[in-house]
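**Q** Taking the numbering used here, the leading residue of the sequence shown gets 26, the next gets one more, and so forth. Would you mind keeping the following structure in view while I ask a few things?
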Amino acid sequence: MGRRATNFVKINPHKCVACWKCLPACPKGVIGKVDLWFHKHIVFKHSDACIGCYKCIKACPHDVYSKVTDG
Numbered sequence: 026m027g028r029r030a031t032n033f034v035k036i037n038p039h040k041c042v043a044c045w046k047c048l049p050a051c052p053k054g055v056i057g058k059v060d061l062w063f064h065k066h067i068v069f070k071h072s073d074a075c076i077g078c079y080k081c082i083k084a085c086p087h088d089v090y091s092k093v094t095d096g
């Protein structure tokens, strides 16, 4: 776990266009943002709090999020 993955979801910050639609979708406030004028994308700020609801995946129109799979 860390800034790019939880036990359930991983992110590809290079796909993020900083629309921030995922932020209000997360019921646990797991998602944070890097919001500098020259560098913008999402990160997981509380990855251990993720409950695996996958609302972030549903909210993101840019396929930034994907499910963690074993294997």
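The beta-carbon is built from N, C-alpha and C at its ideal position, and this holds for glycine as well. Note that the structure is a prediction, hence the values are computed from the model and not measured.
What is the DSSP secondary structure of I76, reduced to helix, strand or coil?
**A** Numbered from 1 along the sequence shown, position 51 holds the residue referred to as residue 76. Coil at I76, not helix or strand.
**Q** Taking the alpha-carbon of H66 as reference, which of S72, S91 and H39 has the nearest alpha-carbon?
**A** Residue mapping note: residue 66 aligns to position 41 of the sequence shown, counting from 1. If we check each option's Cα against that of H66, H39 comes out closest.
**Q** Buried or exposed: I76, going by 16 or more other Cβ atoms within 10 Å of its Cβ?
**A** Translated into the one-based positions of the sequence shown, residue 76 becomes position 51. It counts as exposed.
**Q** Mapping DSSP to helix, strand and coil, what is H66?
**A** Here residue 66 refers to the residue found at position 41 of the sequence shown. Reduced to three states, the DSSP call for H66 is strand.
**Q** Smallest Cα separation from S72: which of P52, K46 and H64?
**A** On the sequence shown, position 47 is the one that residue 72 refers to. For S72, the nearest C-alpha among the options comes from P52.
**Q** Within its chain, find whatever has a CB closer than 8 Å to the CB of V68; leave out the 5 residues flanking it on each side and keep chain order.
**A** In the sequence shown, counting from the first residue as 1, residue 68 sits at position 43. Within the same chain, Cβ atoms closer than 8 Å to the Cβ of V68 are found at R28, R29, I36, P38, I56, G57, K58 and V59, the five residues on either side in sequence being excluded.
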